[in-house]
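The block underneath contains the structure these notes are about, expressed in structure tokens.
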Amino acid sequence: MSSFFNMDSPVMRFLSRLCDLIILNLLTIVCCIPVVTAGASITALFSVTLKMVKGEESYILRGFFKGFKENFKQSTIIWLIIAVLGLFLFVDYRAAAVLPGNMKDIFQVLIGAVVIVYLMVFTYIFPYVARFRNDIKNIFKNSLLIAVLNLPWTLVLIICPLALFFITFLTTTTLVYGSMLWILFGFALVAYLSSIIFRKVFVKYEPKEKEEEGLPDNYQLPDETAEKEESLLK
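Every letter in the sequence shown is one number past the one before it in UniProt numbering, and letter 163, counting from 1, is 163.
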């Protein structure tokens with residue numbers, strides 16, 4: 001029985017991690033309430049979970065607000081760009097629905113293709129900001145390139161959360177219980193599981209010498225990285 005309550009036991013480690021995710025989830029939701037701060041909140045979430053999956057983060061509150069503060073300006077600008085683009089795509093899709101004949105299908109397919117690219121960038125961009133330092137132009141560029149170069153993982157990162165949201169809205173019962181789980185720890189859990197994949201992907205672009213020394217909160221990713229990624233696509 002004493003081993004059960006030992007802090008190093010699997011059960012206690014699980015409960016400790018669950019408590020961390022609950023705290024992190026509530027912090028993320030609260031900091032998203034002003035809407036305009038959602039980008040900084042998501043970045044702060046990933047700044048913690050990217051460390052949690054490697055056992056590098058001990059102080060959830062401090063780590064979250066540090067990531068929130070350090071990336072606030074850049075994350076907010078990116079979030080506003082993402083939000084405006086998302087609204088633009090939504091309006092365009094609705095407008096295409098009233099077009100006559102084949103024009104409707106053609107435009108909706110084209111918009112659908114752009115939405116896929118949009119989702120690829122959205123999936124990577126905030127974890128990227130949490131892990132690397134770069135200017136906004138290269139953040140968008142590199143996020144898309146990394147998503148394309150790691151397409152199998154990208155599909156997993158996009159499809160799994162979308163499937164969970166779909167299940168949540170499937171019936172009234174799933175909506176009630178699903179909403180409770182999302183509010184309790186859902187967003188943080190998805191970010192945590194996604195961070196396992198992000199670490200596998202990002203390690204390819206992290207300076208190896210720094211990885212051996214013990215890494216800082218963010219890596220300085222050179223601007224020319226985007227050019228190197230482009231050459232791999234050719």
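Ideal placement from N, C-alpha and C gives every residue a C-beta, glycine not left out.
In this text the structure is predicted, and so the values were computed from the model without any measurement.
Just checking, does the stretch 168-188 make contact with the stretch 85-101 on the three C-beta pairs under 8 angstroms criterion?
no
Straight-line CA distance for residue 32 to residue 56?
Here residue 32 refers to the residue found at position 32 of the sequence shown. Here residue 56 refers to the residue found at position 56 of the sequence shown. Taking the straight line joining both Cα atoms gives about 25 angstroms.
Going by Cα to Cα distance, which pick from 63, 176, 13, 16 is closest to residue 28?
Translated into positions along the sequence shown, residue 28 becomes position 28. Of the candidates 63, 176, 13, 16, the one whose C-alpha sits nearest the C-alpha of residue 28 is 63.
By the three-class DSSP mapping on this structure, what secondary structure does residue 90 have?
Counted from its first residue, the sequence shown places residue 90 at position 90. Looking at residue 90 - three-state DSSP - the assignment turns out to be helix.
Take residue 45 as the anchor and find which of 83, 34, 65, 204 has the nearest alpha-carbon.
Counted from its first residue, the sequence shown places residue 45 at position 45. If we check each option's Cα against that of residue 45, 65 comes out closest.
Judging by CA-CA distance, which residue of 157, 43, 186 is the nearest neighbour of residue 201?
Along the sequence shown, read from residue 1 onward, the residue named residue 201 stands at position 201. Per the Cα distances, 157.
Cβ atoms of residue 53 and residue 195: under 8 angstroms apart, would you say?
Mapped onto the sequence shown, residue 195 falls at position 195. Mapped onto the sequence shown, residue 53 falls at position 53. With respect to residue 53, residue 195 sits close: the two C-beta atoms are nearer than 8 angstroms.
Answer yes or no: do residue 127 and residue 61 have a C-beta to C-beta separation smaller than 8 angstroms?
Counting from 1 along the sequence shown, the entry for residue 127 is found at position 127. Counting from 1 along the sequence shown, the entry for residue 61 is found at position 61. Result no, Cβ atoms of residue 127 and residue 61 do not sit closer than 8 angstroms.
Report the three-state DSSP secondary structure of residue 198 (helix, strand or coil).
In the sequence shown, counting from the first residue as 1, residue 198 sits at position 198. If DSSP states are grouped into helix, strand and coil, residue 198 belongs with the helices.
Count the other CB atoms, across all protein chains shown, that sit within 10 Å of the CB of residue 104; report buried if there are 16 or more and exposed otherwise.
The residue labelled residue 104 in the question sits at position 104 within the sequence shown. Classification of residue 104: exposed, given that the 10 Å Cβ count is below 16.
Residue 129 to residue 139, Cα distance in whole Å?
Counting from 1 along the sequence shown, the entry for residue 129 is found at position 129. Counting from 1 along the sequence shown, the entry for residue 139 is found at position 139. Each residue's Cα considered, the two are about 7 angstroms apart.
Below 8 angstroms, can you find three or more Cβ-Cβ pairs linking the stretch 11-22 to the stretch 187-194?
Segments in contact, yes.
Just the Cα atoms here: how many angstroms apart are residue 92 and residue 80?
Taking the sequence shown and counting its residues from 1, the one referred to as residue 92 is at position 92. Taking the sequence shown and counting its residues from 1, the one referred to as residue 80 is at position 80. About 18 angstroms.
Among 135, 120, 131, 134, which residue has its Cα nearest to the Cα of residue 155?
The count along the sequence shown starts at 1 and reaches residue 155 at position 155. Ranking the options by Cα distance to residue 155, first place goes to 120.
Please classify residue 143: is it buried, with 16 or more other beta-carbons within 10 angstroms of its beta-carbon, or exposed?
Looking up residue 143 in the sequence shown gives position 143. Buried is the call here.
Please report how far the alpha carbon of residue 205 lies from the alpha carbon of residue 183, in whole angstroms.
Position 205 of the sequence shown, counted from the first residue, corresponds to residue 205. Position 183 of the sequence shown, counted from the first residue, corresponds to residue 183. One C-alpha to the other measures close to 33 angstroms.
Roughly how far, in whole angstroms, is the beta-carbon of residue 89 from the beta-carbon of residue 124, given that I think they are within contact range, below 8 angstroms?
The sequence position of residue 89 within the sequence shown is 89, counting from 1. The sequence position of residue 124 within the sequence shown is 124, counting from 1. In fact, because the Cβ distance is near 18 angstroms, the residues do not count as touching under 8 angstroms.
By DSSP, does residue 169 sit in helix, in strand, or in coil?
Within the sequence shown, residue 169 is the residue found at index 169, counting from 1. Coil.
Shortest alpha-carbon distance to residue 151 belongs to which of 37, 34, 116?
Taking the first residue of the sequence shown as position 1, residue 151 is located at position 151. Taking only the C-alpha atoms, the option nearest residue 151 is 116.
When DSSP labels each residue in this structure, what does residue 210 get in the three-state scheme?
As a position in the sequence shown, residue 210 is number 210, starting the count at 1. Note that residue 210 scores 48 on pLDDT, short of 50, meaning its location in the model is unreliable; the coordinates nonetheless yield the value given after this. Three-state result, residue 210: helix.
So residue 136 and residue 77 are in contact, right, with Cβ under 8 angstroms, and what is the actual spacing, rounded?
On the sequence shown, position 136 is the one that residue 136 refers to. On the sequence shown, position 77 is the one that residue 77 refers to. With a Cβ gap of about 6 angstroms, residue 136 and residue 77 count as contacting.
Can you grab the Cα-Cα spacing for the pair residue 179 / residue 173, in whole Å?
Looking up residue 179 in the sequence shown gives position 179. Looking up residue 173 in the sequence shown gives position 173. Using only the alpha carbons, I get a separation of about 10 angstroms.
Rounded to whole angstroms, what is the Cα-Cα separation between residue 132 and residue 207?
On the sequence shown, residue 132 is found 132 positions in, with the first residue counted as 1. On the sequence shown, residue 207 is found 207 positions in, with the first residue counted as 1. About 11 angstroms.
Let me know the alpha helix (DSSP H) ranges lying completely inside the stretch 35-113, each 4 residues or longer, listed in chain order.
The stretch 35-113 is shown to contain whole alpha helix (DSSP H) runs of 4 or more residues at 38-52, 60-70, 72-96, in chain order.
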